[in-house]
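Residue numbers (mature numbering (1 follows the signal peptide of the UniProt record, and there is no 0)): -20 to -1, 1 to 389.
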C-alpha cells in the first residue's frame, strides 16, 4: 500500500472519530476571522435571508454538497490542491485573481471528512493559504424627505464634480435610469452563466447615490462626475439575491485591473478566512474599501468588520441610529440610511439600510481623493476630523466617530 493511500485512509479514520465533535460548525467570533466554518441567519428586515455573525452561514453548494474555498498565493495552489485531494476532496473550479496575486480553489469534501481536518492539512501544506466554507453574502438593505444631502454636505461644502474612479460590487443595475444615463457608468457582469439574474433595484440605488445626475437633486449622487465601474456579482431572485467569496474576490480583481482603487461593498455576511485573505490582498494593492455594517441588530458583519475595511452604519433624519443596524467597535462612520430617497425603476422610492449609508461615505471618499492621492489611513483620519459626533464623546459602538460630512473644495 502506497504512503499516499495510507495517509488518506488514516485521515478518513480520524475524521470518522472526530465527526461527532464537529458535526455542528463553529461560530465565528465577532469582529475577526472565524476559527472554523461560518453559519445561516434568519430573515433580515428586508425579507432576504442575511447571514449574521453568530448565526449559521448560508453557503454555496455543488450538487447538494457544501462548497469550501482555499485562497492563497499562486505558488501554493498546487500544494493546496494536492493536500485536499489526498483527503479525498474534489476540485469544483479554480479562479485566478491576478490583480490580487491570489488563486481561489473551490472544492467539495468527502462526507466523512471533518472540515477542520481539511483546514489543518491546508495550513500544513500551504501556510499562506486560507481555507474556509464558501459563504454567501446578501445586500445590507432594509425596506421602507430628502434630508441626506443637507445633513452630509455642510454649508460651504464642496459641490464640484468628483474626479477619479469608484467601484461597486453589487447586483445588476439599470443604466437606462434617468439618474444614470448622463453619468460615467461602466458595467461588468461576472456571475457564472446559468445563475438567475437578481433585481436591478439595489445596484441602481447604490450607483445613483454615488454618481447620479439629477437636476432636481432628488436622486443626485454625492460624487457626481466620478467614473463608476459596477461589477454585477449577485444572482438569485428579487428577495434572495446572493453573492459568494469567489465572486467578491473576482469583483475586487476586476476593479483592481480596471484601475479602480476605491470600492463600495453594500453587502454583509459572516466572517470568513478566505474572504479575509482577499481583502488583505486588495488593501495591499492600495484599494480603499468601504462597506455596510449590516442590518441584523447584532455584531458588525463582514466584510465591514475586517480591519482593512471602513465600516459604515445608518442614521435617520434626526441623526438617530438605525434601529436594525449592526453595532460594534468596528463601526467608524455614520451616514443617512433610514427612509432615504433612492433611484428605483420609474423614478425613486424610500429605502432603509446600511447599504444606502455606505455609498454616501464612499462618494465623500471620492471627493477626498481616496484610492488616488489619499490612502485608507489618511482617509480615516480626515473623515474622523470632520465627522459630527453623535453619541458619547469620541468613538462609540453605534455611530463610530459620528456623521461623515463633506469636504471643502
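Cβ coordinates follow ideal geometry from the N, Cα and C atoms, glycine included.
**Report entry** Nearest neighbour of residue 150, chosen from 113, 261, 211 and 386 [CA to CA]
**Finding:** Residue 211 is the option with its Cα nearest to residue 150.
Query raised in the report: Are there 16 or more other CB atoms within 10 angstroms of the CB of residue 302, so buried, or fewer, so exposed?
Result: Its Cβ being crowded by 16 or more others within 10 Å, residue 302 is buried.
**Report entry** Span of the alpha helix (DSSP H), counted from its first residue to its last, around residue 366
**Finding:** In this chain, the alpha helix (DSSP H) harbouring residue 366 covers 356 to 366.
Requested in this report: Please name the residue or residues paired with residue 168 in a DSSP beta bridge.
Outcome: Secondary-structure assignment with DSSP links residue 168 through a beta bridge to 211.
Requested in this report: Out of 362, 336, 156 and 103, point me to the one whose CA is closest to residue 347's CA.
Outcome: When only C-alpha atoms are compared, the closest one is 362.
Query raised in the report: Does DSSP classify residue 379 as helix, strand or coil?
Result: Correct three-state label for residue 379: coil.
Requested in this report: Alpha carbon to alpha carbon, how far is residue 358 from residue 87? Give it in angstroms, no decimals.
Outcome: Cα-Cα distance, rounded: 39 Å.
Query raised in the report: Tell me which same chain residues have a C-beta within less than 6 Å of the C-beta of residue 307, skipping the five on either side of it?
Result: The residues are 377 and 378.
Report task. Would you check if the distance between the CB atom of residue 132 and the CB atom of residue 315 is smaller than 8 Å? Result -> Remark: C-beta atoms of residue 132 and residue 315 approach each other more closely than 8 Å.
**Report entry** Residue closest to residue 338, alpha-carbon to alpha-carbon, out of 290, 171 and 100
**Finding:** Ranked by Cα distance from residue 338, the first of 290, 171 and 100 is 290.
Query raised in the report: Is it the case that the Cβ atoms of residue 265 and residue 242 are separated by a distance below 8 Å?
Result: Contact: no.
Requested in this report: Over the uninterrupted beta strand (DSSP E) stretch that includes residue 316, give me the two end residues.
Outcome: 311 to 316 is the extent of the beta strand (DSSP E) around residue 316.
Query raised in the report: Mapping DSSP to helix, strand and coil, what is residue 384?
Result: Here residue 384 sits in coil by DSSP.
Query - As assigned by DSSP and simplified to three states, the class of residue 369 - result: It is coil, neither helix nor strand.
Query raised in the report: Is the number of C-beta pairs between the segment 109 to 119 and the segment 43 to 63 that are closer than 8 Å three or more?
Result: Yes, the segment 109 to 119 touches the segment 43 to 63.
**Report entry** Closest by C-alpha distance to residue 386, when choosing among 188, 373, 367 and 374
**Finding:** The shortest Cα separation from residue 386 among 188, 373, 367 and 374 belongs to 367.
Query raised in the report: Alpha carbon to alpha carbon, how far is residue 350 from residue 356?
Result: Going by the C-alpha atoms only, they are around 7 Å apart.
Query raised in the report: Among 57, 184 and 253, which one has its Cα closest to the Cα of residue 392?
Result: What is shown of the chain runs -20 to 389, which leaves residue 392 out entirely.
Requested in this report: Run through the segment 245 to 298 for me and flag every whole beta strand (DSSP E) of 3 or more residues, listed as ranges in chain order.
Outcome: Runs found: 268 to 272 and 289 to 295.
Requested in this report: Identify which residue in 310, 170 and 215 has its Cα closest to the Cα of residue 77.
Outcome: In terms of Cα proximity to residue 77, the closest of 310, 170 and 215 is 170.
Query raised in the report: In the structure shown, what three-state DSSP assignment does residue 75 receive?
Result: The answer is strand: DSSP assigns residue 75 an E or B state.
Query raised in the report: If we count Cβ pairs, one from each stretch, closer than 8 Å, do we get three or more for the segment 200 to 210 versus the segment 162 to 182?
Result: Yes, the segment 200 to 210 is in contact with the segment 162 to 182.
Query raised in the report: residue 227: which of 254, 238, 284 and 204 sits nearest, CA to CA?
Result: Measuring from the Cα of residue 227, the nearest candidate turns out to be 254.
Query - For residue 236, the three-state DSSP class (helix, strand or coil) - result: In this structure, residue 236 counts as helix in the three-state DSSP scheme.
**Report entry** Reference residue 156; option with closest CA among 313, 178 and 193
**Finding:** When the alpha-carbon of residue 156 is set against those of 313, 178 and 193, the nearest one is in 193.
Report task. Determine the extent of the beta strand (DSSP E) in which residue 184 is found, giving its start and end residues. Result -> For residue 184, there is no enclosing beta strand (DSSP E); the enclosing alpha helix (DSSP H) covers residues 181 to 191.
Query raised in the report: Who are the Cβ neighbours of residue 335 in its own chain at under 6 Å, not counting the five residues just before and after it?
Result: Hits under 6 Å: 119, 120, 121, 246 and 272.
Query raised in the report: Taking the alpha-carbon positions, what's the residue 56 to residue 84 distance?
Result: Each residue's Cα considered, the two are about 11 Å apart.
Query raised in the report: In terms of alpha-carbon separation, which member of 279, 352, 384 and 305 lies closest to residue 360?
Result: Check the Cα spacing between residue 360 and each of 279, 352, 384 and 305: the tightest is with 384.
Report task. Note down the Cα distance separating residue 341 from residue 59, rounded to an integer number of angstroms. Result -> Answer to the nearest angstrom: the Cα atoms are 41 Å apart.
Report task. Return helix, strand or coil for residue 95, following the three-state DSSP convention. Result -> Here residue 95 sits in helix by DSSP.
Query raised in the report: So the beta strand (DSSP E) residue 343 belongs to, where does it begin and stop?
Result: DSSP places residue 343 in no beta strand (DSSP E) but in the uninterrupted alpha helix (DSSP H) bounded by 334 to 347.
Query raised in the report: Can you tell me whether DSSP reads residue 326 as helix, strand or coil?
Result: When secondary structure is reduced to three states using DSSP, residue 326 falls in the coil class, being assigned neither helix nor strand.
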